[in-house]
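Chains as they are written, first to last, in our numbering: chain X, 1 to 212; chain B, 1001 to 1418.
Yeah, the Cβ is synthetic: ideal placement off N, Cα and C, and Gly gets one too.
Working notes, structure below.
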């Protein structure tokens, strides 16, 4: 799988390069700014991108903006954004087109190599990978539509938001995959998600979760 | 409603001014008495020093009298006229000397002179304006009642028949009405402004007071800053740095153990990894307290919106054009909103909160309102004291309005230069 790394810190870029190339990814390019990244994306041939939130020149949220711009150029381009800290608003912005193929992780997760690679693979496959810290921020809201969910359904949604598949969720919660499937059906119903639009309902459920 | 609202308003204003000047006539006469008793007691000093006993009493009287006029003039101008007396030392002679040399005393004496001269003069104007219009109407209607040989006077003319009465009555009416509507208000304002300048604090005194306040808050700011630096140093030194040392130690150990005991080496590496993760988490927390990252990413508005988005109690944000805001003010504003929202979530039992940010001249105004149960106690461990100190460190203003039963409103004004 062909991956672009967008990271301005040489140490981290090198580390990521090592990590990805030893885990079976092909690193197409390592760039440190938004403009060359978008150029590479436009040329095509990129399967996924790993983007730092803070990039030159202003070291603010250029990475988030670059990821959004890249997905406007190539709709559905899998992008994994990672950052020194996580902020719910960024997660919501990244997910806002409802297409999936988005990840937003704390940089710390990179050190759990296996988890990080899994997350990138899920994102590349069109899933989502949202950092548990962001999810944690959301559980405290009082007025959200999530209050309609049962505790179990919430757990399932939380895992879904992190990007796990039904089988993985079943394994984590020690239930059958059939039970997970049933819970997810209930979640979609309770969050008023139309069953007709099956493809991205998982993403939209997560979005509802984030918007709560 | 009156058919001439502007004229009515003007007449009301004129009446108020005329009343102020008329009463001023009375107080000017009292001032004469106050001044003459003072002069008598000064004269008495020559007479075997008897005046030395009377003088302090008289000066105290001047003060009380001046205070009375401060209230009256302040009421008319719609602002307080504070005076600050120097604290008096003990000892009769010292006390007298200090009173005599207090600049406020001198200004009060100057005011007595001004008020006696101008108060009488303008007071007469005020009286005329006050009673002029009704008395003109009365005179015009009843000129014929004047006894023979002493005819009524209207507009400085003797009136002996109806046509002249109506004509000159009209002229006098117009003149006096004009005096009431347009004449007395500026005169009264002038008189009151001069009195306020003489009775109030001098510009030097005001500046001195401002400097005193500023040096006080600046000292507070420096203290707070120093404490903050010490805390950051301690957090990094005792926390993160120590963790990194332990981490390097484990890695070194693992390297030396790799050959003979790969299992132990693997365990040490695993420990090193979780140690590194803990160090990262800790570092992140320290950074957040120094300057919230989202604030530098998104600016104050974006950061406050992020706070609102993750608030436990649903919160809305309304923002006006804020213009340029210094970073320290942004940080304080951010922490203030964060703290206030935490309070709302923890204590208020509110169902929603409103955050508003606006710019008023050189000030940034931050207000957080909730519909909770109110009754915030400053010392109830709610962090209100901390917010107050943060705001004071920037020389801002901080208010909490929280009646029992709610709603609670936390508001801060922070200076942004101009």
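With a 10 Å radius around the Cβ and a threshold of 16 neighbouring Cβ atoms, residue 1116(B) comes out buried. Listed along chain X are 87, each with a C-beta nearer than 7 Å to that of residue 1294(B). Within chain X, the C-beta atoms nearer than 8 Å to that of residue 1305(B) come from 89, in chain order.
Here the C-alpha atom of residue 173(X) lies approximately 16 Å from the C-alpha atom of residue 132(X).
Counting only runs that start and end inside the segment 1187-1241 of chain B, there is no beta strand (DSSP E) element of at least 3 residues. A direct Cα-Cα distance of roughly 25 Å separates residue 11(X) from residue 1265(B). In the three-state reduction of the DSSP assignment, residue 103(X) falls in the strand class, which pools E and B. Among the residues of the segment 1265-1286 of chain B, those with a Cβ less than 8 Å away from any Cβ of chain X are 1273, 1276, 1277, 1280, 1281, 1284, in the order of the chain. Runs of the alpha helix (DSSP H) lying entirely within the segment 1065-1148 of chain B, each at least 4 residues long, are 1092-1101, 1103-1142 in chain order.
In this structure, DSSP gives residue 1415(B) an extended state, which the three-state scheme calls strand. Going by DSSP, residue 32(X) is part of no beta strand (DSSP E) at all; its letter is neither H nor E.
Counting only Cβ-Cβ distances below 9 Å, residue 1210(B) has no contacts in chain X at all, with the closest Cβ about 38 Å away. DSSP places residue 1173(B) in the uninterrupted alpha helix (DSSP H) bounded by 1162-1178. When 1322(B), 1038(B), 1239(B), 1347(B) are compared, the shortest CA-CA separation from residue 1286(B) is found for 1239(B). DSSP places residue 1153(B) inside the beta strand (DSSP E), whose first and last residues are 1152-1154. Classified as exposed, residue 1213(B) has fewer than 16 neighbouring CB atoms from the shown chains inside 10 Å of its CB. Within its own chain, the residues whose Cβ lies closer than 7 Å to the Cβ of residue 1415(B), once the five positions on either side in sequence are excluded, are 1362, 1363, 1394, 1395, 1396, listed in chain order. Membership of residue 82(X) in the beta strand (DSSP E) is indicated by the continuous run 79-83. The alpha-carbon of residue 33(X) is positioned some 6 Å away from that of residue 56(X). The beta carbon of residue 1189(B) sits no closer than 8 Å to any beta carbon of chain X. Near chain B, meaning a CB-to-CB distance below 7 Å, the residues of the segment 101-124 of chain X are 108, 111. Taking C-alpha positions only, residue 1140(B) is separated from residue 1165(B) by approximately 6 Å. The alpha helix (DSSP H) runs lying completely inside the segment 1240-1281 of chain B and spanning 4 residues or more are 1242-1257, given in chain order. When CB distances to chain X are screened at a threshold of 7 Å, not a single residue of the segment 1232-1258 of chain B falls below it.
Every beta strand (DSSP E) of 3 residues or more that sits fully in the segment 1319-1366 of chain B is shown, in chain order, as 1353-1360. For residue 1171(B), same chain residues with a beta-carbon under 8 Å away, outside a window of 5 residues either side, are 1154, 1155 in chain order.
Judged by their CB atoms, residue 1073(B) and residue 1178(B) are not nearer to each other than the 8 Å cut-off. If you draw a straight line from the Cα of residue 1035(B) to the Cα of residue 1100(B), it comes to about 15 Å. With a minimum length of 4 residues, there is no unbroken run of alpha helix (DSSP H) contained wholly in the segment 1029-1056 of chain B. Residues of the segment 57-78 of chain X with a C-beta less than 7 Å from any C-beta of chain B: 60, 61, listed in chain order.
Taking the Cβ atoms as the reference, residue 1369(B) lies roughly 10 Å from residue 1316(B), outside the contact range of under 8 Å. Using a 10 angstroms sphere on the CB of residue 1182(B), the tally of other CB atoms stays under 16, which defines it as exposed. For residue 162(X), none of the residues of chain B pass the 7 Å Cβ criterion, the least Cβ distance being about 18 Å.
The criterion of a C-beta distance shorter than 8 Å is not satisfied by residue 1132(B) and residue 1187(B). Note that the C-beta distance between residue 41(X) and residue 5(X) is not below 8 Å.
Separation of residue 1298(B) and residue 61(X) (C-alpha to C-alpha, rounded to the nearest whole angstrom) is 7 Å.
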